[in-house]
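First the structure, in the form of structure tokens, and then the observations on it.
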Amino acid sequence: MNTPPLPGPHPAPAHHSGGRAAADLGTRRRLLASNGLDAAGVQLLDTVLAVVVVTSLGFGAAELGLLNALSSLSFVLLAVPIGAATDAWGPARMLVASLATKTVLAGTMLGLYVSGVLSTAAVLVLATLLGVCTVASENAQTAVVPQVTGRDQVSALVSRMAAADAVAGIVAPGGAGLLLALSAPGVPWGVAVGLFVLALVGVRALVRRVSSVGRQDADGGADDVVATDADADVETGDGPDTDGQGLREGCTPEAPRPGLLHGFRIIAGNRLLLATTLLVTAGNIGLAIGDTVEPLLVLRHLDLGPAFFGLLGTVAAVSALAASAVASRITEAVAPRRLFAFGALVQAGVATLPLAAYLRPEAGSVLMALFAALWALTLTVTNVAGAAFAAQTVPPASLGRTSAARRMVTMGCVPVAALGGGLLGELAGLAAPLVLWPALALIAAAAFFLLTRPPQRSSGTSPAEV
1 MNTPPLPGPH PAPAHHSGGR AAADLGTRRR LLASNGLDAA GVQLLDTVLA VVVVTSLGFG
61 AAELGLLNAL SSLSFVLLAV PIGAATDAWG PARMLVASLA TKTVLAGTML GLYVSGVLST
121 AAVLVLATLL GVCTVASENA QTAVVPQVTG RDQVSALVSR MAAADAVAGI VAPGGAGLLL
181 ALSAPGVPWG VAVGLFVLAL VGVRALVRRV SSVGRQDADG GADDVVATDA DADVETGDGP
241 DTDGQGLREG CTPEAPRPGL LHGFRIIAGN RLLLATTLLV TAGNIGLAIG DTVEPLLVLR
301 HLDLGPAFFG LLGTVAAVSA LAASAVASRI TEAVAPRRLF AFGALVQAGV ATLPLAAYLR
361 PEAGSVLMAL FAALWALTLT VTNVAGAAFA AQTVPPASLG RTSAARRMVT MGCVPVAALG
421 GGLLGELAGL AAPLVLWPAL ALIAAAAFFL LTRPPQRSSG TSPAEV
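Quick note: the sequence shown uses this note's numbering, first residue 1, plus one each step.
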């Protein structure tokens, strides 16, 4: 979806071509590489930590739920303040600072493990701080995009970052499985720290580059792309309505500097953006429950071992790589509403596979491998589509606050869901949360269809294709 920019006071500056274009290309490549390395490091660390706390520290369902809850607590308490700080301080500076802090925290945790003094309390504290850094770095990675590329390439770069993030995040657990099969957990843990270092090195010059471009653009009158709900209606087939009025009023150049609730107003001003946000939220509730009990399912109930737990990511990696190759074509060929609706239904079906593995342990390895492949396929396509749609709909100047608001909504439920899933598994057994997971996915799909129903037309007028 391409939306015409509002007329600016000055023509596009000439310094966007020539040497600056080549420099911008190099900056975009470094940002993309850093984003992938950071995502791989986070997923690698999460995989190794899940194995260590179950096999070495003896975590049960309740402890795993508490760990997942604390890791995601910052999405509830700090997402919006971090988004505001990112807009005020600058996304490039925030990205560098958050990656540096994340590297130090992960290295500290590794040192405690290698020295044999890693305790439950230390894991919980460090995991909480790592969660804060993850919120800051992910938000900054999205918010810095408009500062390193032209306005007509914002959507493309965000889509590429989402694809790289999804693929790296799924390939990393497979690599963790291979390393766990060949060595002690400290080895993949050290690799994760190394990936964070490389991600930091990749953006070390970003602050200087963005500052230089900012000084050049100060006299250039760069235009902002303002997407309204009416624009989204062209894409989705819905007729014009008043839902986008707040979005239009909140994002014009004449509007005062937005406050903390600005991102929420943008989400509420676009019905499809709101529906996809709530769909991801409901899906994350089920996923948080599943993630809490999955290590116990694989490592204890099915007794498939740490190597298989990590190698499930290898199966998922092949699926994710195949999906990433065609994701952009799918998002261009299929209307957003249909794509998200189909993805919601598929996720609900795939979420039943861990329950089937629990009920049929003799087929557990096959069912869990099938789950890993199908889950990765669905999530890669829908994540790329969601990132592209948000980038096309949200004005670049508001991406920081809007991304933070979306993360607060979509991830704010995770701490409670993770802790609740762990307690439910502890009190009622693993079957209870495994049943609840697909049930919530079905509820999410139903809610999405209700929110995105085409408005009633007068008799004789058929709804547009969406």
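Even glycine gets a Cβ: it sits at the ideal position worked out from N, Cα and C.
Reference Val350, options Met368, His301, Leu321, Ala363, closest by Cα: Answer by Cα proximity: Met368.
Considering only C-alpha positions, which residue in the set Arg265, Leu57, Leu436 is nearest to Thr120? For Thr120, the closest C-alpha among the options Arg265, Leu57, Leu436 is that of Leu57.
Quick check on Gly60: does DSSP put it in helix, strand or coil? It is coil, neither helix nor strand.
Please report the distance separating the alpha-carbon of Ala199 from that of Gly36. In this model, Ala199 and Gly36 are separated by some 8 Å (Cα to Cα).
Is there contact between the segment 307 to 318 and the segment 372 to 379, where contact requires at least three CB pairs shorter than 8 Å? Yes: at least three Cβ pairs fall under 8 Å.
Asp291 lies in the alpha helix (DSSP H); which residues open and close that run? For Asp291, the enclosing alpha helix (DSSP H) starts and ends at 271 to 296.
Within its chain, find whatever has a CB closer than 7 Å to the CB of Leu78; leave out the 5 residues flanking it on each side and keep chain order. If we look at Leu78 and ignore the five residues flanking it on each side, its Cβ neighbours are Val132, Val135.
Minimum Cβ-Cβ distance from Leu430 to chain E less than 8 Å: No chain E is part of this structure, which consists of one protein chain only.
Considering only residues of the same chain and omitting the five flanking positions on each side of Gly310, which have a CB-CB separation below 6 Å? Around Gly310: Thr47, Pro173, Ala176, Gly177, Leu180.
What is the rounded straight-line gap between the Cα of Leu430 and the Cα of Gly364? The straight-line gap from Cα to Cα measures roughly 14 Å.
Tell me the DSSP secondary structure of Ala418 in three-state form. Annotated three-state conformation of Ala418 is helix, per DSSP.
Could you tell me if Val298 is buried or exposed, where buried requires 16 or more neighbouring beta carbons within 10 angstroms of its beta carbon? With 16 or more Cβ atoms within 10 Å of its Cβ, Val298 is classed as buried.
Are the Cβ atoms of Leu434 and Val326 separated by less than 8 Å? Remark: C-beta atoms of Leu434 and Val326 do not approach each other more closely than 8 Å.
From Asp219 to Gln147, what distance separates their C-alpha atoms? Low confidence applies here, because Asp219 scores a pLDDT of 45, under 50, leaving its location unreliable and the question unanswered by this model.
Thinking C-beta only, is Thr410 closer than 8 Å to Thr281? Closer than 8 Å, so yes.
Just the C-alpha distance for Leu49 and Leu442, rounded to the nearest angstrom, thanks. Separation of Leu49 and Leu442 (C-alpha to C-alpha, rounded to the nearest whole angstrom) is 30 Å.
Do Val80 and Ala509 come within 8 Å of each other at the CB atom, strictly closer than that value? The requested residue 509 is not part of the displayed model; the chain covers only 1 to 466.
Would you report the Cα separation of Leu274 and Ala268, rounded to the nearest angstrom? In this structure, the CA atom of Leu274 is about 6 Å from the CA atom of Ala268.
If you follow the alpha helix (DSSP H) that Ala184 is part of, which residue opens it and which one closes it? Note, Ala184: premise wrong, no alpha helix (DSSP H); not H, not E.
Have a look at Ala143 and Thr393 and give me their C-alpha separation to the nearest angstrom. Each residue's alpha carbon lies about 14 Å from the other.
Is Gly90 helix, strand or coil when you go by DSSP? Here Gly90 sits in coil by DSSP.
Let me know the secondary structure DSSP gives Ala162 once reduced to three states. In this structure, Ala162 counts as helix in the three-state DSSP scheme.
Identify, in the order they occur along the chain, each residue of the same chain with its Cβ nearer than 7 Å to the Cβ of Leu73, setting aside the five sequence neighbours on each side. Thr128, Gly131, Pro415.
So Gly263 and Gly60 are in contact, right, with Cβ under 8 Å, and what is the actual spacing, rounded? Their Cβ separation, rounded to whole angstroms, is 37 Å, which puts Gly263 and Gly60 out of contact at 8 Å.
Inter-stretch contact at 8 Å, needing at least 3 Cβ pairs: the segment 444 to 456 / the segment 339 to 348: Yes: the two stretches touch, three or more of their Cβ pairs being nearer than 8 Å.
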